[in-house]
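As structure tokens, the structure follows; a few thoughts come after it.
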Amino acid sequence: MLATALSTLIVLILLSLPVAAVMGVLGLVLAELFSPMPLVRTLGDIAWSTSTNNLLVAIPMFVLLGEILLRTGVSARMYMALSHWLGWLPGGLMHSNIGTSALFAATSGSSVATAATVGTVALPEVPVHGYNERLFLGTLAAGGTLGILIPPSINMIIYAVMTNTSLPSLYLAGILPGLLLAGLFMALIAAACLINPRWGGRRIETSWRARLSSIPHLMPPAAIFAVVVGSIYAGFATPTEAAALGVIAALILAAMFRALSLRVLLTAFEGTMRTTAMIILIIIAAYFLNLVFAAIGIADAMEHFVTTLGLGPYQTILVIAAFYILLGCFMETLSMMIATVPIVTPIVVSLGFDPVWFGIVLMLLLETALVTPPIGLNLFVVQSIRPARGSMNDVMVGAIPFVGMLLVMIGLVIAVPDIALWLPGLLR
0 MLATALSTLI VLILLSLPVA AVMGVLGLVL AELFSPMPLV RTLGDIAWST
50 STNNLLVAIP MFVLLGEILL RTGVSARMYM ALSHWLGWLP GGLMHSNIGT
100 SALFAATSGS SVATAATVGT VALPEVPVHG YNERLFLGTL AAGGTLGILI
150 PPSINMIIYA VMTNTSLPSL YLAGILPGLL LAGLFMALIA AACLINPRWG
200 GRRIETSWRA RLSSIPHLMP PAAIFAVVVG SIYAGFATPT EAAALGVIAA
250 LILAAMFRAL SLRVLLTAFE GTMRTTAMII LIIIAAYFLN LVFAAIGIAD
300 AMEHFVTTLG LGPYQTILVI AAFYILLGCF METLSMMIAT VPIVTPIVVS
350 LGFDPVWFGI VLMLLLETAL VTPPIGLNLF VVQSIRPARG SMNDVMVGAI
400 PFVGMLLVMI GLVIAVPDIA LWLPGLLR
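Residue 128 in numbering that gives the first Met the number 0 sits at position 129 of the sequence shown, with consecutive numbering throughout.
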């Protein structure tokens, strides 16, 4: 049964089918071969219950929020403002790549959107300042991963729905690891450019007057973050209502910058519809696949296999982490999370671990999958927006050092759980 599932999955991936189609077809094949019940009849109920979940309504809201900021040029102004504050560090604008990614992550909730937005603004600066292109590309791919760790995060919403975990606690738990990871990325850039100064390009000249005048352009993401996250913890709004408030705040800010128009809104709506439809279709297919796994006994078989290995709790966590890192080389992160969380999370919780803590570990593992070849999604995003197309190897090589930093961060959160649990503990 496991051999059939794995071989079918490999064939479907090699056929280059869309992710939702892969999971849906795999579920149909396994149900037909191994289930005594007509599981296909549950598809309508799964599609309806999934699509009408109140918390999932936050997904199109956050996607629209990121689209508005992208289409109205707020992100470009944010990037140039941060260049005045971080450009003096060894590595220059590469630090702005990480800083802008962290700020944009605090509004968009999507790693792909973060990488694409910051990359579009930053890549034209490579020849102007003479940066090492591979390292510069690596900072964009790695910085984009912060989109699913720093709240608000679309992946955290889905994890909360699937595991009945508190979303506000997950959001709080992601703040400190997200900031520490951004710091690790910037430390790596500074160290690399101190060892080989040519990689850091020409020094950026600025002044305190320019820095102070750029502050207004840093306020929009801070204001939106305060509206979204602040309204949740103040008890003023649910996560879904907070996402809607974030969209309203983004519209007001866009109007203040005189960048709001009917054309911008239509483009943002279209982008939101495309992205949301893709995400919801993947969720529906994954829920059906999980139902099939449970019905034919694959989920129980995998749980029994892990529990009979005789490993201790932390050894089991390391095995699970290795499994995700390996799986992330060959599978898209959202579908990987939806397909595995219902199986893996009960095992982790039965070992005595906090589901909020595991949610953050999982986000870090998904971030690693975003920049590990050959299927690292952020690698393809950065490659697709390069002005002068070079080899895909450039992006992969540039991202490798940042994969190392991600592994360090995963190790830190596993060894010191309070990195993730300290802020939620303060709230309680």
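Glycine included, every Cβ here is placed at the ideal spot set by N, Cα and C.
Continuous alpha helix (DSSP H) stretch holding residue i: start and end
i	result
Val396	391-414
Asp417	417-426
His216	His216 -> no alpha helix (DSSP H), and no H or E assigned at all.
Ser100	92-107
Pro312	312-327
Leu14	Taken as a continuous stretch (DSSP letters only), Leu14 belongs to no alpha helix (DSSP H), as it is neither H nor E.
Asn154	153-162
Pro59	57-70
Ser110	110-121
Met277	261-295
Glu331	Glu331 -> no alpha helix (DSSP H), and no H or E assigned at all.
Pro126	124-128
Integer Cβ distance of residue i from residue j, believed to fall under 8 Å
i	j	result
Gly146	Ala121	Wrong, their Cβ atoms sit about 15 Å apart, outside the cutoff.
Pro341	Thr164	No, Pro341 and Thr164 are not in contact; Cβ-Cβ is about 13 Å, not under 8 Å.
Ser168	Pro423	4 Å
His128	Ser213	No, His128 and Ser213 are not in contact; Cβ-Cβ is about 18 Å, not under 8 Å.
Phe33	Ile295	4 Å
Leu183	Gly397	That belief does not hold up - the Cβ atoms of Leu183 and Gly397 are roughly 16 Å apart, past 8 Å.
Leu68	Thr41	Not a contact, Cβ separation roughly 39 Å.
Ala419	Pro176	6 Å
Ile97	Met185	5 Å
Gly358	Ala172	7 Å
Ala248	Ala222	6 Å
Met93	Ile188	5 Å
Ile231	Tyr158	Their Cβ separation, rounded to whole angstroms, is 16 Å, which puts Ile231 and Tyr158 out of contact at 8 Å.
Thr367	Leu406	7 Å
Contacting residues, own chain, Cβ-Cβ under 6 Å from residue i (five flanking each side not counted)
i	result
Met391	Gln382
Thr503	Nothing in the structure corresponds to residue 503, since the chain is present only between 0 and 427.
Leu180	Met408
Leu333	Ile281
Ala104	Thr113, Leu145, Gly146, Ile149
Gly270	Glu66
Close beta carbons around residue i, own chain, < 7 Å, minus the five adjacent residues each side
i	result
Asn53	Thr239
Ser100	Thr113, Val117, Gly142, Gly143, Leu145
Leu326	Met335
Thr71	Ala253, Phe256, Ala258, Leu259, Val263
Thr266	Arg70
Ala57	Ile156, Pro238, Thr239, Ala242
Asp393	Glu132, Arg133, Leu136
Ala451	The structure shown has nothing for residue 451, since the chain only spans 0 to 427.
Val39	Leu27, Ala30
Same chain only: Cβ atoms within 8 Å of residue i, ignoring 5 sequence neighbours per side
i	result
Leu317	Ile413
Asn289	Ala298, Ile337, Ala338, Pro341, Ile342
Val246	Met60, Leu63, Leu64, Ile67
Gly351	Pro312
Trp198	Gly90, Tyr130, Asn131, Leu134, Ala191, Cys192
Glu302	Ile342, Pro345, Ile346
Leu364	Ala320, Tyr323, Ile324, Gly327, Ile409
Val348	Pro354, Phe357
Val160	Asn52, Leu54, Leu55
Helix, strand or coil at residue i [DSSP, three-state]
i	result
Phe256	coil
Cys192	helix
Pro35	coil
Trp87	coil
Ile384	coil
Asp353	coil
Val21	helix
Asn52	coil
Gly142	helix
Thr344	helix
Glu204	coil
Ser165	coil
Ile247	helix
Gly448	The requested residue 448 does not occur in the structure, where the chain is confined to residues 0 to 427.
Phe235	coil
Asn131	coil
Leu378	helix
Gly309	coil
Val28	helix
Val73	helix
Leu363	helix
Val148	Inspection of the sequence shows that residue 148 is occupied by Leu rather than by Val. The answer is coil: DSSP assigns Leu148 none of H, G, I, E or B.
Chain C contact for residue i (CB, 8 Å cutoff)
i	result
Leu288	No chain C appears in the structure shown, which is made up of a single protein chain.
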